[in-house]
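Residue numbers (this note's numbering), protein chains in the order written: chain A, 1 to 464; chain B, 1 to 464.
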């Protein structure tokens with residue numbers, strides 16, 4: 001009997017990319033050989049149950065803060081994808097065996113921010129602003145797969161988009177949302193690192209850098225890492241930037257507080273707007289209940305993508321900083337500018353669900369539980385005689401709202417109980433002539449192995 | 001002030017394909033023009049909320065029957081997609097601007113059955129059989145978009161897969177599951193039409209047809225529609241099939257009950273296994289609580305796809321039969337045969353969520369409700385003086401689990417209330433010096449426009 005096995009559930013996912021050659025092709029026997037595709041993760045049922053629970057908790061917090069769900073197609077026009085921030089070689093384009101001019105210029109979205117910009121530009125006259133939306137969908141990037149970096153992964157985005165203007169206080173609302181989500185997820189300690197892009201761009205402008213040079217300088221600062229001002233300064237120098245700029249950035253990153261940072265900026269002849277905004281956001285976060293120490297000002301946070309113009313966030317699970325940020329985002333003052341003349345400033349964050357879940361699994365914070373959502377298995381001790389009664393039991397449990405599986409194969413009871421143990425049900429219902437004649441069943445608690453007689457009429461209440 | 005408008009929420013979706021030329025390119029002002037892509041539907045927030053609720057109810061019923069969630073990548077290798085049932089010209093292939101030999105042979109899945117077969121073959125030694133899984137994901141098909149037919153749509157699949165063998169009674173379990181789901185969805189009256197492919201294939205075999213001819217004959221019968229045996233017979237004749245076969249099929253389709261059908265088969269020298277199986281499944285469905293009249297034997301149901309080998313189902317919303325089947329499926333005896341030598345018989349169904357939701361919206365069975373998941377809007381009557389208190393109110397409501405939006409723009413109260421009306425909150429909280437000094441707020445019921453003073457301490461309980 002090969003129909004099931006009783007060993008504990010295991011991970012079947014192919015989360016880490018396989019090393020070297022993929023096997024691929026037809027075997028001698030004519031079967032197509034199958035194996036994981038690098039960067040496209042897949043989980044076992046027991047872990048998928050855990051991942052789905054995680055996504056549900058994120059959704060619940062987003063809705064608690066009044067964000068409405070939207071869903072956009074996985075597919076956008078290439079010129080939309082490339083309008084702002086899209087890296088052409090990372091985008092998967094679509095093709096078809098048949099000719100179809102309509103689709104030669106379509107690609108899979110690589111994030112949920114560009115689709116949001118297009119959605120707001122396209123449907124703006126039917127939306128109510130400020131528009132709070134969340135979106136939980138897969139995205140695709142043709143990058144080299146490595147730990148924490150996938151080619152297909154799920155993002156959970158929450159954004160607030162204004163029309164014309166959007167108050168700075170929404171930036172605080174988003175930081176508080178991140179805090180609420182991660183507290184709910186129970187991932188252990190975490191830090192929301194926050195800065196304002198205007199601080200670094202102001203310093204660059206004061207040193208005479210143009211937009212392109214500033215973007216490049218910010219990328220270098222962003223890569224520099226946390227708490228290493230001198231490393232960043234060296235990288236800027238070897239990147240062709242002046243010793244003055246490198247020194248000023250190092251001074252800025254070494255500041256102990258925002259007042260000190262304001263002095264560095266003033267000394268360099270740079271605007272302090274970024275400091276003023278950051279300070280206001282940090283104050284409001286405290287008022288909105290964000291615990292001290294959870295929000296950390298870090299002027300080295302610059303974010304790689306070009307579209308951020310103010311507040312920027314990155315979130316790290318403490319002790320797992322090496323996995324990278326699990327929730328990033330920021331303020332953009334004109335995201336939809338490529339698509340519409342209306343000004344739509346916004347602020348948003350994105351949780352990398354796949355990376356976060358991978359981190360939680362690999363670090364032992366998520367344990368694989370049952371591989372079934374059902375609590376109860378109805379077994380068939382004497383299928384020939386009592387088939388109808390067993391079906392009745394299953395129906396009654398389901399009608400009472402109790403997730404229930406019923407074993408319909410004509411196998412021995414020990415096989416049915418092995419199935420129950422392997423899947424991780426809480427209870428098995430067992431009944432023969434003796435029990436059914438008395439209007440009862442035997443209810444086995446599969447964790448304690450205790451067994452008791454229960455009246456059929458009180459079974460749903462007993463296991464519910 | 002253009003930040004919101006008070007007219008009622010409207011559908012922003014582009015569900016029906018636009019007629020004629022898509023607009024596409026850059027406008028004079030340098031903006032990228034954007035518009036719907038034919039066949040890729042997108043809903044307004046208020047309808048997305050309704051669609052998400054629908055998906056949640058389906059998921060809940062699948063779990064009630066003990067099906068475990070899995071998720072597979074959207075991307076499979078082309079030889080996997082083409083192994084069984086894949087129509088090459090309908091499959092979207094993936095490309096990349098950069099060279100990457102690894103990905104030249106990848107495509108988007110066009111259903112969730114082929115990925116399931118691959119999943120079971122790949123991870124079979126870590127699964128417990130019979131394996132009950134459900135899967136709610138988008139799929140892509142490069143077909144001509146038309147009513148009820150999309151290029152990107154969501155399927156909700158539930159399958160039970162055995163190892164070696166799978167009892168016929170699981171076919172009944174699936175029919176009962178369909179019934180439970182559609183009763184829960186409240187779509188009005190519906191019919192699950194059921195047949196067994198062996199009935200028609202047996203008849204074809206008795207008339208000397210080979211497998212290819214049989215598949216072609218079944219496609220013709222499947223297209224013939226409900227209750228029109230003579231139309232089907234004519235189509236078979238003009239399709240090159242013998243008058244004897246056409247006549248026998250017409251006789252079969254005209255049968256009033258299964259006994260009569262068995263006689264037709266016996267007269268033609270065909271096996272009656274299909275009738276025996278269908279009869280057993282129908283009996284078990286009744287025992288499992290399926291209401292009479294809900295399950296309808298219809299021997300014209302053949303299903304287009306080749307992989308079905310026994311029971312087949314199609315579900316129609318009564319009065320909307322023209323939309324086509326909203327839930328189809330059946331029994332396959334060897335789905336994973338292209339990928340593994342192990343025999344994995346299974347039975348499953350697939351709900352076309354996008355088509356079903358489109359039907360419900362277009363036929364007025366789903367009404368657009370609020371465009372926010374939040375119940376309460378906290379307004380800011382005097383932002384300068386009481387900002388902290390307003391934030392405290394929002395925090396307290398959220399901590400009590402009540403989805404709450406807070407209006408952070410420095411706008412007039414009438415604009416804030418217009419925002420509240422447009423989004424469809426149940427309540428607005430309004431407070432100035434008078435209320436706050438008394439430890440109260442004004443609570444406005446936005447449907448009745450009634451307003452009352454409520455103690456801040458009892459606000460969560462009052463609106464919860």
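Glycine is no exception: its CB is placed at the ideal position from the N, C-alpha and C atoms.
C-alpha distance - residue i paired with residue j, whole-angstrom precision
| i | j | result |
| --- | --- | --- |
| residue 459/B | residue 429/B | 9 Å |
| residue 365/B | residue 187/B | 7 Å |
| residue 372/B | residue 153/A | 27 Å |
| residue 464/B | residue 404/B | 11 Å |
| residue 285/A | residue 418/B | 27 Å |
| residue 123/B | residue 115/A | 35 Å |
| residue 312/A | residue 381/B | 29 Å |
| residue 288/B | residue 180/B | 11 Å |
| residue 68/A | residue 370/B | 10 Å |
| residue 233/A | residue 207/A | 15 Å |
| residue 246/A | residue 322/A | 25 Å |
| residue 399/A | residue 178/A | 38 Å |
| residue 184/B | residue 87/A | 45 Å |
| residue 166/B | residue 160/B | 8 Å |
| residue 23/B | residue 35/B | The predicted position of residue 23/B is uncertain, since its pLDDT is 35 and thus under 50; a value taken from the coordinates is nonetheless stated next. When rounded, the distance between both Cα atoms is 7 Å. |
| residue 204/A | residue 217/A | 8 Å |
| residue 259/A | residue 396/B | 32 Å |
| residue 49/B | residue 210/A | 45 Å |
| residue 126/B | residue 142/A | 29 Å |
| residue 7/B | residue 368/B | Interpretation of residue 7/B is limited by its pLDDT of 35, a score under 50 that renders its predicted location unreliable; no figure is taken from the coordinates. |
| residue 173/B | residue 257/B | 22 Å |
| residue 197/B | residue 325/B | 17 Å |
CA nearest to the CA of residue i, picked from the options
| i | options | result |
| --- | --- | --- |
| residue 440/B | 38/B, 410/B, 389/B, 245/B | 389/B |
| residue 213/B | 70/B, 274/B, 236/B, 193/B | 236/B |
| residue 486/B | 71/B, 249/B, 377/B | Absent from the structure is residue 486/B, since the part of chain B shown begins at 1 and ends at 464. |
| residue 44/A | 39/B, 132/B, 267/B | 132/B |
| residue 118/A | 393/A, 340/A, 221/A | 340/A |
| residue 252/A | 230/A, 238/A, 120/A | 230/A |
| residue 302/B | 48/B, 224/B, 175/B | 224/B |
| residue 219/B | 110/B, 454/B, 201/B | 201/B |
| residue 338/B | 59/B, 121/B, 110/B, 106/B | 121/B |
| residue 268/A | 250/A, 47/A, 281/A | 250/A |
| residue 82/A | 296/A, 110/A, 149/A | 110/A |
| residue 38/A | 106/A, 147/A, 95/A | 147/A |
| residue 149/A | 79/A, 46/A, 352/A | 352/A |
Same chain only: Cβ atoms within 7 Å of residue i, ignoring 5 sequence neighbours per side
| i | result |
| --- | --- |
| residue 307/B | 84, 85, 332, 335 |
| residue 162/B | 129, 130, 344, 345, 346 |
| residue 51/B | 43, 357 |
| residue 427/B | 375, 376, 443, 444, 445, 446, 463 |
| residue 15/B | Residue confidence for residue 15/B is low, a pLDDT of 34 falling below 50, so the modelled location carries little weight; the figure read from the coordinates is stated next. Result list for residue 15/B: 41, 358, in chain order. |
Own chain, CB closer than 6 Å to residue i, minus 5 neighbours either side, in chain order
| i | result |
| --- | --- |
| residue 135/A | 70, 112, 157 |
| residue 189/A | 318 |
| residue 108/B | 74, 92, 140 |
| residue 360/A | 366 |
| residue 265/A | 272 |
| residue 270/A | 202, 203, 206 |
| residue 182/B | 190 |
Those residues which DSSP pairs with residue i across a bridge
| i | result |
| --- | --- |
| residue 165/B | 163/B |
| residue 445/A | 427/A |
| residue 196/B | 311/B |
Contacting residues, own chain, Cβ-Cβ under 8 Å from residue i (five flanking each side not counted)
| i | result |
| --- | --- |
| residue 261/B | 199, 252, 255, 275, 299 |
| residue 222/A | 300, 301, 302, 303, 304 |
beta-carbon residue i near the ligand FAD non-hydrogen atom, thresh 7 Å
| i | result |
| --- | --- |
| residue 52/B | With respect to the ligand FAD, the structure shown offers nothing to examine, as it has no ligands at all. |
(message) Please list, in chain order, the residues of the region 130-151 of chain B that have any C-beta partner in chain A closer than 7 Å.
(response) Taken in chain order, the members of the region 130-151 of chain B whose beta-carbon sits within less than 7 Å of a beta-carbon on chain A are 130, 132, 133, 138, 142.
(message) Give me the subset of the region 62-75 of chain A whose CB atoms are less than 9 Å from a CB atom of chain B, sorted by chain position.
(response) Residues of the region 62-75 of chain A with a C-beta less than 9 Å from any C-beta of chain B: 62, 63, 64, 65, 66, 67, 68, 69, 70, 71, 72, 73, 74, 75, listed in chain order.
(message) Along the region 376-390 of chain B, where does the CB come closer than 7 Å to a CB of chain A? Name the residues.
(response) Under the 7 Å Cβ criterion, the region 376-390 of chain B contributes 388.
(message) What are the residues in the region 423-436 of chain A lying within 8 Å of chain B by C-beta distance?
(response) Here the close residues are 423.
(message) Against chain A, which members of the region 46-62 of chain B pass a CB distance test of less than 7 Å?
(response) Within the region 46-62 of chain B, the qualifying residues are 48, 49, 52.
(message) Please identify, using Cβ separations under 7 Å, the residues of the region 326-340 of chain B that lie next to chain A, in order along the chain.
(response) Here the close residues are 338, 339, 340.
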